[in-house]
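In our numbering, the protein residues as written are 202 to 329.
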């Protein structure tokens with residue numbers, strides 16, 4: 202079938218009607234996408250500023266807490282690691298003989314009474 206200008210004039214055109222506008226006015230989906238992207242951008246910017254503000258708030262609060270505790274906030278992690286390494290909790294456990302010898306030394310220097318010595322000695326001897 203060969204189409205010419207005459208045949209186009211003779212053809213019947215079908216009117217599909219007009220596209221009704223959407224609930225927000227314009228019916229163009231690209232406009233809805235642009236509006237949606239704008240709303241998302243504003244919400245993202247607000248959330249981003251809120252997160253940055255929270256990070257700054259926490260940093261300032263930690264800085265002040267470290268200063269009030271007498272620690273240098275810039276070397277806080279290293280200072281705490283050194284304190285933990287020197288603590289009794291991380292020190293190797295003394296043998297039973299070492300603990301008994303220390304107990305005898307405390308009794309000899311009269312730091313503890315003989316009753317406290319007996320109680321501590323029983324405790325050491327009954328531990329695993």
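All C-beta atoms, glycine included, are put in the ideal place defined by N, C-alpha and C.
A quick note: this is a predicted structure, and the numbers were derived from the prediction, not measured.
Non-local C-beta neighbours of residue 268 in its own chain, meaning closer than 8 Å and more than five positions away in sequence, comprise 274, ordered along the chain.
The beta-carbon distance between residue 322 and residue 304, rounded to whole angstroms, is 6 Å. This is short enough to meet the 8 Å contact definition. The Cβ-Cβ distance between residue 325 and residue 297 falls below 8 Å. According to the DSSP assignment, residue 326 belongs to the alpha helix (DSSP H) that extends over 315-327.
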